[in-house]
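Chains C, P and B, in that order, give the protein sequences.
Here my numbering is used: position 443 in the first sequence is 443, and no number is missing along the way.
Here my numbering is used: position 62 in the second sequence is 545, and no number is missing along the way.
Here my numbering is used: position 454 in the third sequence is 1032, and no number is missing along the way.
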Amino acid sequence: MELNQLTALQLGAAIKAGEVSVAEATAFSLERIQAKNPENNAYITVLEEQAMARAKALQAGVSDAVSPLYGVPMALKDNICTKGIKTSCASKILGDFKPPYDATLVEKLDAAGSVTLGKLNMDEFAMGSTSETSFYGATKNPWDLTRVPGGSSGGGAAAVAAGMGWYAVGSDTGGSIRQPSSYCGVTGMKPTYGTVSRYGLIAYASSLDQMGPIARDAADCAAILDLVQGKDPRDGTSLNGEYGALSAGLTGDVKGMRIGIPTDCFGEGLSPAVSKAVLAVAETLKSRGAVVEECSLPIMQYVVPTYYIIAAAEASSNLSRFDGVKYGWRAEGFEDLTDLYNKTRTEGFGSEVKRRILLGTFVLSTGYYDAYYKKALQVKALIARAFDTAFSKFDLLLTPVAPTTAPKLGESLSDPLQMYLSDIYTVSVNLAGLPGISVPCGFDEHGMPIGAQLIGAALQDSKVLHAAHAFQLDTDFHKKEAR
Amino acid sequence: MKITEEIVDYVSVLSRLKLPREEKGKMVGELESILEYMDILNQLDTSGVEPMSHVFPVKNVTRTDEVVPSFDRAALLQNAPVPDEEAFLVPKTVE
Amino acid sequence: MSWEIVIGLETHVELATRSKIFCSCTTEFGGDPNTHCCPVCTGMPGTLPVLNQAVLEYAVRAGLALNCSITKYNKFDRKNYFYPDLPKAYQISQLYLPVCRDGAVPIKTGAGEKTIHIHEIHMEEDAGKLVHDPWIDQTRADYNRCGVPLIEIVTEPDFRSADEVIAYLEKLKSTLQYLGVSDCKMQEGSLRCDVNLSVRPVGSAEFGTRTEMKNLNSFKAIGRAIEYEAKRQIEAIEEGKRIIQETRRWDDNKDASYAMRSKENAQDYRYFPEPDIPPVELTEDYLTETRQGLPEMAEAKVERYQAQFGLPAYDSEMITGQKALADFFEAAVVLGTPAKLVSNWIMGEVMKKLKDCAMEAADMKLTPPTLARLIALVEGGTLNRNTAVKVFDAIFAEDGDVDAYVREHGLEQVSDTGLVQSVVEAVFAANPKSIEDYKAGKEKAFGFLVGQTMRELKGKADPKVVNDTIRTLLQEQ
Ligand SMILES: [Mg+2]
Ligand SMILES: [Zn+2]
């Protein structure tokens, strides 16, 4: 059996059937990591011994496997707290921080019999679209090591694309799961805000952050979400939305499903190859009986500034706790308390993080709050309203994930504003709290993967997965392997 | 929005960041172009629109007033950059 | 020129909930440093706050009792600033939609009655404690108090004297204690007061520049600090100086206040809605229910004590001044003790003891059954009043068994007329001069003979029996 060709669900079934042992699968992943991590830098921390010990322990209980993903090796973005295991947010300032607690999501995956291979590289504090701002060095795209994997969950997308684990859990504040998934040719989903507890996810922008799966296909994503979603007493913003087992409903039947194509997302700035591949998704779904129609969403031109004002504001507050006092790294040679704060934070944060902290501090400061922050919250209301209107007509919206395929390393960071603008198709989904998925839908002239985004109304995650799954039944873009 | 060095200095003090001279110069320019772009929001008439801080109408999430035994102190202190058995240590703060 | 003092107060009150406002750690006072803590209240990354339902209820109760209008749609906001006692570097508080607004508190001072208006009451979390350790020249941050729930009660600038401030605080403290929402112990920091003070020429409509005074740990300190600060401002203005808007720290030992070093530039707290806590909506039903659930407050008790127990208005007001005293009184009366007798003891011995020990009634160990028993022994003739006071003094600090104490110390009242008579005869024999004086019309000599007899009987004699015996025997002389 060629292990690497199995999806997470298929591997889970093989483990359950006794065709593969958990240890074999784990050792296979660890070998791939050993071979590939030096070139693509997807992992910050690899838990070799721990993963093997866990695999052996799980093997003993395989006959009463509690979940379809029992024994399947996976990895976590390094902003998800893992008890006793370094959780760095890819930042110097967190140093060797080992949380004394697990994220709720980690507890849930643990209980489902997961094997954690390690912690994944990312943009520092999830701020970036390329995974180049990591203190631990840039992650590279497995399809072309001279290109970025996208970000901020670039390590997760690269790891899954390179077969260094069957799935990953990332976080998505403005596209950080979907965009790297599209750049790396894997399937990644940001579920409805609140459906996965944020307890233990180191916050970037609390009102937008949401964890979600990065995997081979939509069926894997559904299976992972089934394990991790649900209301959590430790997260007041988590939702009581019991919307049933997502995996169970994946039949491939999209007959009568209404899909809208916002023309505002297919105009200027979009690469023709991406446009063509994404629109072809509509044709595939149409051939299965979906009803496709164009629509307009003019609010799209305001989503990027709205997103960056809100995200930066929240980030400036969320990241204030990193001050060299309670945990993490502390600068040396300070004169007094203020100097300790200044030195630790100035030397401990990278420049993209500092840029957003300063921006966020500015938009909240006296005299500018109304003009920027309050204004952004008002536009956010308009954005949510625009989506409400769209979803009164459509079940799903189809858009690109990003305007282009993965750029070359080093190309994006020189102009922050241009980098922010490339988030145009993903950030609105976070602002409105909606579910969105990125599915591989083609390749450009350089052979780089293209992703299409399907967006659903709040709590309609099953519809999103359903359409993505239907598309994947008819296509094999998601089965292509990097190099 | 015109960003001056004074504004960057002001928000730097508030956020406890002290950028070196060259970094600051660059930051002024970058923030300026970002904020200039953000001014397109002013094209939208938002009068009468209630600012939306929370997306969903989730409300009244509370817990009952029950005490749970506190966390192990050593575990809370284990990540502190300056080791101490009882507390987090900082330079003198007393006014 | 004569000056008017204008004062507004910001009072932080720690709520008496069992657990903290956003986590389940205990709110108990004290404890070794950082032992009442968890990842949430020490601001660890990834942790989230979840609101304690009791905090909301207590805040609403306080607002209703202080005649506020209650905000139906509540939100929390973040107040951002760096300081090591605040591990998240923001305090979760309320700026835009505080839970209560526009309250009114009637007060009484020597100068008459007036109403102090409350601007708002908001909920927030307390910060930790910083203690400097000179041995290592480092400050230790203890987060045990971090996340203890607070309400901050902000008044309008309605006060014109220290007396009014003290009267308001007494009233506030009593009200909150009656509500059971706080123990209001200043020495443990569960009631803390910042004084905003300015002065202006009498008759002026404009406010002067104000200063804010912190670190006021007792009513006495508040009174002195107000006096000091008003004088300082008036003198400065009269010398032609300008008052600087600043925060000043009161030093109780030096009886003076000092400008605090301004923490790096201007304060700009960058408040914004707390994204981690969903809004809280209060229904009319909830408010009605809470209003109906409010306990009987001091004013109602004053009326009832007069009507039900026939206590004088003065007694009723004194006893209800502190909730602990009123509770004590009611518990003793329930045991069958005549109300007026209980009231006399409370207003006399109990209050005197509390004052001497600089103690709050709430901290008193003496229990109502003990006092009731003591009163019963006096009424039953076993103890005379003076001996009873001695017993009271002896057992007050730790409470105790009155009967056992009386027995052990042999304090039962002597009412044996034969014994008294023989002692009186002996006293007469030893003091013939006094008998002559008495006969000569010196009434004072009678008292002397009574005193001598009592002394011989170690104070345990029934005074009535002694008086009667002496008078009878004198007539026989
Ligand atoms: Mg306050
Ligand atoms: Zn706690």
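Note that beta-carbon positions come from the ideal geometry of N, C-alpha and C, so glycine has one too.
Do you know offhand how far residue i's Cα is from residue j's?
i, j, result
"Gly609(B)", "Lys463(C)", "53 Å"
"Lys56(C)", "Ile855(B)", "41 Å"
"Asp736(B)", "Glu698(B)", "14 Å"
"Lys393(C)", "Asp522(P)", "31 Å"
"Ile490(P)", "Ser129(C)", "27 Å"
"Asp863(B)", "Lys819(B)", "55 Å"
"Asn217(C)", "Thr187(C)", "The sequence shown places Asp at residue 217(C), not Asn. Asp217(C) and Thr187(C): Cα-Cα distance of roughly 5 Å."
"Ala402(C)", "Pro627(B)", "35 Å"
"Arg147(C)", "Pro407(C)", "6 Å"
"Ala1023(B)", "Lys933(B)", "36 Å"
"Gly681(B)", "Glu734(B)", "10 Å"
"Arg191(C)", "Ser197(C)", "The sequence shown places Pro at residue 191(C), not Arg. For Pro191(C) and Ser197(C), the distance between alpha carbons rounds to 11 Å."
"Ile670(B)", "Asp64(C)", "46 Å"
"Ile731(B)", "Met701(B)", "9 Å"
"Val281(C)", "Ala168(C)", "25 Å"
"Ala939(B)", "Arg656(B)", "38 Å"
Tell whether a beta-carbon distance below 8 Å holds between residue i and residue j.
i, j, result
"Tyr136(C)", "Ile33(C)", "no"
"Val683(B)", "Lys751(B)", "no"
"Ala315(C)", "Ala205(C)", "yes"
"Cys601(B)", "Tyr721(B)", "no"
"Met52(C)", "Ala25(C)", "no"
"Val920(B)", "Ile953(B)", "yes"
"Gly328(C)", "Pro566(P)", "no"
"Thr116(C)", "Leu47(C)", "yes"
"Ala485(C)", "Leu69(C)", "Not covered by the structure: residue 485(C). The range shown for chain C is 1 to 483."
"Asp704(B)", "Leu728(B)", "yes"
"Asp123(C)", "Ser114(C)", "no"
"Thr104(C)", "Tyr199(C)", "yes"
"Asn658(B)", "Tyr668(B)", "yes"
"Thr399(C)", "Tyr425(C)", "yes"
"Lys918(B)", "Leu889(B)", "yes"
"Gly621(B)", "Lys666(B)", "yes"
If we count the other Cβ atoms within 10 Å of its Cβ and call it buried at 16 or more, is residue i buried or exposed?
i, result
"Gln5(C)", "exposed"
"Thr693(B)", "exposed"
"Ala248(C)", "exposed"
"Met419(C)", "buried"
"Phe785(B)", "exposed"
"Tyr373(C)", "buried"
"Lys832(B)", "exposed"
"Trp713(B)", "exposed"
"Glu976(B)", "exposed"
"Met579(B)", "exposed"
"Tyr307(C)", "buried"
"Gly267(C)", "exposed"
"Tyr746(B)", "buried"
"Cys771(B)", "buried"
Does at least one heavy atom of ligand 2 sit under 7 Å from the Cβ of residue i?
i, result
"Val628(B)", "no"
For residue i, verify whether its CB is less than 7 Å away from any heavy atom of ligand 1.
i, result
"Glu573(B)", "In the structure as shown, chain B begins at 579 and stops at 1055. Residue 573(B) is therefore absent and cannot be evaluated."
"Ser768(B)", "no"
"Glu702(B)", "yes"
"Ser671(B)", "yes"
"Glu790(B)", "no"
"Glu730(B)", "yes"
Determine, using beta-carbon pairs with one atom in the stretch 432-451 of chain C and one in the stretch 139-159 of chain C, whether at least three such pairs fall under 8 Å. yes
Within the structure, which residues are defined as neighbours of ligand 3 by a Cβ-heavy atom distance below 5 Å, reported in chain order? Absent from the structure shown: ligand 3. Ligands present: ligand 1 and ligand 2.
Under 8 Å: do the stretch 341-354 of chain C and the stretch 317-327 of chain C share three or more Cβ pairs, one atom per stretch? Contact between the stretch 341-354 of chain C and the stretch 317-327 of chain C is present, because at least three Cβ pairs lie under 8 Å.
Three Cβ pairs or more, each shorter than 8 Å: is that satisfied between the stretch 85-98 of chain C and the stretch 173-180 of chain C? In short, these stretches do not touch, since the Cβ pair count stays below three.
At least three beta-carbon pairs within less than 8 Å, the stretch 360-372 of chain C to the stretch 216-234 of chain C: As far as the Cβ criterion goes, the stretch 360-372 of chain C does not touch the stretch 216-234 of chain C, which means the pair count is below three.
Just checking, does the stretch 943-952 of chain B make contact with the stretch 1026-1042 of chain B on the three C-beta pairs under 8 Å criterion? no
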